[in-house]
Amino acid sequence: MYSQIASNKRKTYIIMFFFIVLIFAIGLLFSKIYSNNYTIFYFVAGFSLIYTLIAYHSGTKLSLSLNGAQEIKKADNPRLWKIIENLSITDGLPMPRVFIINDPAPNAFATGKSPDKAAVCATTGLLEIMNDDELQGVFAHEMGHVKNYDIRVAMVAFALTAAISILADIFIRISFFGGDRRSNGQSNYVFLLIGIAAAILAPIVATLIELAVTRKREYLADATGALTTRYPEGLISALQKIKKTGSAMKKQNTATAHFFFANPLKNHGITNLFSTHPPIDERIKRLQDMGSNA
14 MYSQIASNKR
24 KTYIIMFFFI
34 VLIFAIGLLF
44 SKIYSNNYTI
54 FYFVAGFSLI
64 YTLIAYHSGT
74 KLSLSLNGAQ
84 EIKKADNPRL
94 WKIIENLSIT
104 DGLPMPRVFI
114 INDPAPNAFA
124 TGKSPDKAAV
134 CATTGLLEIM
144 NDDELQGVFA
154 HEMGHVKNYD
164 IRVAMVAFAL
174 TAAISILADI
184 FIRISFFGGD
194 RRSNGQSNYV
204 FLLIGIAAAI
214 LAPIVATLIE
224 LAVTRKREYL
234 ADATGALTTR
244 YPEGLISALQ
254 KIKKTGSAMK
264 KQNTATAHFF
274 FANPLKNHGI
284 TNLFSTHPPI
294 DERIKRLQDM
304 GSNA
């Protein structure tokens, strides 16, 4: 488990490096086409880095706000509080802040770039249909994300992807409405094509990152949660209930979908292929295999 935590930290730096190189490359190309110096390059690089840092450090507050999460204290829901408190003690982690979302879909998520700044959240639908063993299984999974630093990886990926999306949008607008250009008219068409390509590739890159990172971390968090409770049957039963009832929430938010226990979005047709969450049946199968090999 410790090796996986170290691996996730390395992934953070790899993701940051990859996107920074990509941003710098776009800025350099932009400067070459639109100016005689590197002023634009410096602006693009500075803007991207500042935006990424702001988005990274405000990601926790933003994810809670976008989903309408309301913070609670122990007296507000002693049952949920006690389960999370016991799991925190078992995992040797600080007690996270606890939130509830008023939504009938059974779901949950964890956020926070480090264990001492973590927050966990349950929907009202989850609290209604889950018994204590199932609820413990769900939040052992979420605390597993916190323990394994999975959220840090996801937040960095989201922040850097958003920066590229903003740049792509700016570039394509300048391509259509920009002023003087250093080169001849053909440069405008070249730059327009580059801007369109960047605008198209940005969400695709974001999806690929989410698929590469979030699916693996969901399996890892399931395993971590099962090891924490020593009772994978609780998590299996929770997943079976969610498969039956569905996990799509009323308030759809693609920006934070990868944080949730189960996919909170309504999937149709080919979009299922690009889900940030692995199939529930496969998650159940792996947990069952864990139990049989124990």
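Residue numbers (this note's numbering): 14 to 307.
Note that beta-carbon positions come from the ideal geometry of N, C-alpha and C, so glycine has one too.
Quantities reported herein were computed from a predicted structural model and do not represent experimental measurements.
Pick from the options: whose alpha carbon is nearest that of residue i?
i	options	result
T258	P277, W94, N266	P277
E84	I102, L100, I114, G59	I114
G314	D302, G72, V34	Any answer about residue 314 is impossible in this case: the structure gives the chain only from 14 up to 307.
D302	I249, C134, R23	I249
L214	Q149, L240, A176, R228	A176
P128	N144, T137, H158	H158
K160	A275, I67, A118, G105	G105
K256	Y244, N266, D294	D294
K126	H290, A270, A68	A68
F152	P245, V166, T52, H70	P245
T137	K130, D116, Q149	D116
G150	L42, E98, T242	T242
I142	D163, Y162, A118	A118
G81	K264, A268, K279	K264
S260	H290, R23, N99, T237	H290
I97	L79, G40, S78, L140	L140
G247	R23, R186, N144	N144
K87	Y51, P109, L206, Y55	P109
V57	K229, A38, I217, H70	A38
I27	T237, Y55, V166	V166
I217	L206, S178, N99, S101	S178
T103	L300, R186, G238, K279	G238
First and last residue of the alpha helix (DSSP H) that includes residue i?
i	result
Q253	245-258
T4	Not covered by the structure: residue 4. The range shown for the chain is 14 to 307.
K279	First-last for K279: undefined, no H or E at that position.
T269	Taken as a continuous stretch (DSSP letters only), T269 belongs to no alpha helix (DSSP H), as it is neither H nor E.
K95	91-104
Less than 8 Å between the CB atoms is what I'm expecting for residue i and residue j, so what's the real figure, rounded?
i	j	result
I183	Q253	That belief does not hold up - the Cβ atoms of I183 and Q253 are roughly 46 Å apart, past 8 Å.
M262	N120	6 Å
A132	T73	6 Å
E155	F112	Not confirmed; about 11 Å, so no contact.
F272	S76	6 Å
L240	S61	Contact doesn't hold; Cβ gap of about 39 Å is too wide.
F43	I53	5 Å
E147	A251	4 Å
I164	T227	Not a contact, Cβ separation roughly 10 Å.
L79	N266	5 Å
If I follow the unbroken beta strand (DSSP E) through residue i, where does it start and stop?
i	result
T124	121-124
L112	At residue 112 the sequence reads Phe, which differs from the Leu that was named. F112 -> beta strand (DSSP E) spans 110-114.
Q83	83-85
Notebook entry, point to check: If you scan the stretch 131-166 from start to end, which runs of the beta strand (DSSP E) of 3 or more residues do you find wholly inside it?
Noted result: Here the runs fully enclosed are 132-136.
Note to self: Check whether the stretch 231-242 and the stretch 169-178 are in contact - that is, three or more C-beta pairs closer than 8 Å.
What the structure shows: The stretch 231-242 vs the stretch 169-178: no contact.
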